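Taken in sequence, the protein lines are chains A and B.
Converting from the first sequence to our numbering requires adding 3 to each position, the first position being numbered 1.
Converting from the second sequence to our numbering requires adding 133 to each position, the first position being numbered 1.
Even for Gly, the Cβ is constructed at its ideal location relative to N, Cα and C.
Being a predicted model, the structure only gives us computed values, none of them experimental.
Here's the structure, in structure tokens; my notes come after.
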Amino acid sequence: MDRRSFLRTSAVLTSGLAALAASLSPLFEMQDFPTAEKFLQKYYKEMTPDDMAKVVKRIENEVERQYGMRPHVRDLKPMDGVEFVYCLNLTRCIGCRKCVHACVKENNQSRNPEIQYIRVLKMPHGSMDMEKGEHNYAPESVPEKGFFYMPVQCQQCKNPPCVKVCPVHATWQETDGITVIDYDWCIGCRYCEAACPYWARRFNFTKPEIPKDKLNPEMAYLGNRPRRQGVMEKCHFCIQRTRAGKYPACLEVCPVGARKFGNILDPNSEVSYILRTKRVFIQLKEELGTSPRFFYYFDV
Amino acid sequence: MKHKANRPKVLFALSLLFLALTGAFLLNLWGRPARMPSIPLVDATYTSNATVRVSYAELIRTKADLSDFDCYTCHERNKTPQLRFDDKHNLLIPKEHSNIVMGHGSHNRNNLCFNCHDENNLELFQTRDGRQLKLSESTPLCGSCHGPTYRDWEAGAHGRTSGFWSHDLGSPTRQDCVSCHNPHAPRFPSRHPAPGPHPLRASTALTENLITH
Chain A
4 MDRRSFLRTS
14 AVLTSGLAAL
24 AASLSPLFEM
34 QDFPTAEKFL
44 QKYYKEMTPD
54 DMAKVVKRIE
64 NEVERQYGMR
74 PHVRDLKPMD
84 GVEFVYCLNL
94 TRCIGCRKCV
104 HACVKENNQS
114 RNPEIQYIRV
124 LKMPHGSMDM
134 EKGEHNYAPE
144 SVPEKGFFYM
154 PVQCQQCKNP
164 PCVKVCPVHA
174 TWQETDGITV
184 IDYDWCIGCR
194 YCEAACPYWA
204 RRFNFTKPEI
214 PKDKLNPEMA
224 YLGNRPRRQG
234 VMEKCHFCIQ
244 RTRAGKYPAC
254 LEVCPVGARK
264 FGNILDPNSE
274 VSYILRTKRV
284 FIQLKEELGT
294 SPRFFYYFDV
Chain B
134 MKHKANRPKV
144 LFALSLLFLA
154 LTGAFLLNLW
164 GRPARMPSIP
174 LVDATYTSNA
184 TVRVSYAELI
194 RTKADLSDFD
204 CYTCHERNKT
214 PQLRFDDKHN
224 LLIPKEHSNI
234 VMGHGSHNRN
244 NLCFNCHDEN
254 NLELFQTRDG
264 RQLKLSESTP
274 LCGSCHGPTY
284 RDWEAGAHGR
294 TSGFWSHDLG
304 SPTRQDCVSC
314 HNPHAPRFPS
324 RHPAPGPHPL
334 RASTALTENL
344 ITH
């Protein structure tokens with residue numbers, strides 16, 4: 004090899020390497036690079052209470068670093084003799100969408116882009132055809148004549164298709180009927196999103212943006228702790244509230260009292276009363292055999 | 134040996150290409166995600182848990198000013214106020230009570246003061262079966278006519294609840310009828326809906342199309 008061709012070849016090599024390095028440069032900007040601790044974290048169901056205590060501490064530190072406020076993260080377990088059921092009174096709902104935004108506030112969803120667990124469908128009277136549902140209604144005042152409103156969120160199915168398709172068991176059904184997601188185990192394949200017939204699952208396409216002063220510090224591991232980019236999330240019946248005995252946020256905010264929640268195994272609960280005495284006319288898309296724990300009913 | 138003669142040119146072109154790529158990667162020409170449109174935060178009124186109205190019982194609890202409920206600062210004791218009607222038998226509301234809009238059902242007979250207020254003691258309510266109730270006990274008063282709804286309310290199926298579903302861990306708060314319904318015109322008022330889902334990058338023409346259909 005003569006001097007000239009050596010120089011030529013090395014020029015190509017150097018510039019090639021430079022191009023390679025430049026193409027990999029976004030890696031240097033990558034934030035949230037998993038720490039060894041996070042990378043080696045065990046599967047939720049295999050964690051001992053000690054492991055969980057460490058994980059909770061890690062999450063609290065991460066949130067504090069990112070949002071400047073120390074949250075209170077808990078790993079709440081299902082209670083014995085409790086199975087949650089949700090009932091929604093279609094006669095009462097006026098379609099004001101307050102539940103949508105109370106949910107976002109409670110569950111630390113991304114504000115930009117928006118992630119909302121509840122969709123409110125405006126439907127013409129006399130039809131149950133979901134195809135006629137309208138999301139983007141914006142009249143001066145609701146309710147509008149000739150329409151009823153149907154809020155749809157995760158139906159917490161007894162036979163959940165989303166759980167069956169998850170290749171890594173990052174989502175499962177708990178004994179109190181809540182289908183949960185372990186955000187640290189999810190690989191973001193979005194199979195569950197495709198499998199859900201209710202369009203209830205949401206994907207974090209970008210890093211969720213939550214203003215620091217809007218963060219809800221009362222958090223649960225399987226509930227409303229901040230998610231990272233690339234994981235699924237969905238309604239979990241406000242696990243951080245309901246497993247502590249409280250009503251979900253969407254119920255508390257409903258101005259007309261259309262939303263009812265409780266323990267179906269308790270014969271004195273309001274949901275038992277409703278299922279016993281009211282015209283509970285649908286589980287949404289009943290024919291699919293998913294057997295939702297979310298019931299729509301009418302008064303009278 | 135033609136291709137050997139071309140080699141310097143090819144190598145030069147390759148170097149240039151790689152340098153251009155380096156520049157492009159460093160400037161991040163195509164890897165930069167498009168800027169998200171900014172989405173305004175929702176107004177705090179849409180996430181407020183407040184009831185539509187404030188009941189008398191709630192005013193007592195919060196120790197608010199109750200002077201509006203002193204009937205006998207204007208009315209005379211032991212004197213039944215007279216109701217006046219126009220020629221179509223509609224109740225005439227005296228100007229002192231002009232803030233009251235009567236709209237309890239569609240029939241005139243449901244819009245008479247002394248169906249609920251006690252004409253002999255204006256600081257009490259009366260039910261049709263002759264019971265007397267305090268102003269703070271309006272819910273049983275409503276229940277004396279609206280039986281099935283009262284039954285639902287007692288079971289927790291009608292009206293707003295908050296607090297705890299689990300009676301072991303806490304207790305639920307029940308709202309009175311008048312926390313949501315105006316007793317003189319009980320139909321629940323319509324209201325402005327909170328903003329719908331943001332269409333992100335959808336063109337405004339598309340959104341308008343969606344809204345009108």
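On a CA-only basis, which of the options is nearest residue i? Give me that one, please.
i	options	result
A:Tyr70	A:Lys217, A:Pro163, A:Ile97, A:Val166	A:Lys217
A:Lys108	A:Glu40, A:Met33, A:Gln176, A:Asn219	A:Asn219
A:Lys281	B:Cys310, B:Ala288, B:Gly238	B:Ala288
A:Gln119	A:Ser130, A:Met131, A:Cys106	A:Cys106
A:Cys169	A:Pro74, A:Met50, A:Trp188	A:Trp188
A:Ile190	A:Ala203, A:His172, A:Ala24	A:His172
Within the 8 Å Cβ cut-off, does residue i reach chain A?
i	result
B:Arg324	yes
B:His347	A query on residue 347 of chain B cannot be resolved here, the shown segment of chain B reaching from 134 to 346 and no further.
B:His317	no
B:Trp163	no
B:Ala288	yes
B:Ala338	In this prediction, B:Ala338 has a pLDDT of 48, which is less than 50 and means its spatial position is unreliable; what the coordinates show is noted afterwards. Cβ-Cβ to chain A under 8 Å: no for B:Ala338.
B:His331	yes
B:Gly280	no
B:Leu216	no
B:Thr272	no
Does any residue of chain B bring its CB to less than 8 Å from the CB of residue i?
i	result
A:Pro229	no
A:Ile277	yes
A:Ala223	no
A:Ala198	no
A:Gln119	yes
A:Gly233	no
A:Gly265	yes
A:Glu236	no
A:His75	no
A:Thr178	no
A:Cys99	yes
A:Tyr299	no
CB residue i to CB residue j, shorter than 8 Å?
i	j	result
A:Glu86	A:Asn271	no
A:Cys195	A:Thr178	no
A:Tyr186	A:Gln158	no
A:Lys167	A:Arg205	no
B:Glu229	B:Cys249	no
A:Tyr299	A:Met126	no
A:Arg296	A:Val88	yes
B:Arg307	B:Thr294	yes
A:Asn162	A:Ser18	no
A:Cys102	A:Lys263	no
A:Pro214	A:Arg114	yes
A:Gly248	B:Gly303	yes
DSSP three-state call for residue i: helix, strand or coil?
i	result
A:Gly19	helix
A:Val88	strand
B:Leu257	strand
B:Val187	coil
B:Gly276	helix
A:Trp175	strand
A:Gly71	coil
B:Thr294	strand
B:Leu149	helix
A:Tyr300	strand
A:Pro29	helix
B:Leu433	Residue 433 of chain B lies beyond the residue range present for chain B, which begins at 134 and ends at 346; the question has no answer from this structure.
B:Ala318	strand
B:Ile172	coil
B:Pro141	helix
A:Ala141	coil
A:Phe1	Residue numbering for chain A in the displayed model covers 4 to 303; residue 1 of chain A lies beyond these limits and cannot be assessed.
B:His237	coil
A:Thr12	helix
A:Pro52	helix
B:Ala113	Outside the displayed span of chain B (134 to 346) sits residue 113 of chain B, for which this structure offers no information.
B:Thr345	Only weak support exists for where B:Thr345 lies, its pLDDT of 48 falling under 50; the coordinates are left without a value.
A:Lys263	strand
A:Val183	strand
B:Tyr179	helix
Cβ of residue i within 7 Å of any heavy atom in the ligand SAH?
i	result
A:Gln44	Here there are no bound small molecules, and the ligand SAH is not part of this structure.
Worksheet item: Taking three-plus beta-carbon pairs below 8 Å as touching, is the segment 79-95 of chain A in contact with the segment 148-160 of chain B?
Response: The count of Cβ pairs closer than 8 Å, one atom from the segment 79-95 of chain A and one from the segment 148-160 of chain B, stays below three, leaving the stretches out of contact.
Discussion item. Under 8 Å, with one C-beta from each stretch per pair, do the segment 174-190 of chain B and the segment 251-260 of chain A reach the 3-pair mark?
Written reply: In this structure the segment 174-190 of chain B lies against the segment 251-260 of chain A, because at least three pairs of beta carbons, one per stretch, are closer than 8 Å.
Discussion item. For the pair the segment 205-215 of chain A and the segment 48-68 of chain A, tell me if three or more CB-CB distances fall below 8 Å.
Written reply: Contact fails: fewer than three Cβ-Cβ distances are below 8 Å.
Practice prompt. Check whether the segment 323-330 of chain B touches the segment 92-102 of chain A, counting contact only when three or more Cβ pairs, one atom from each stretch, lie closer than 8 Å.
Written response: Yes, the segment 323-330 of chain B touches the segment 92-102 of chain A.
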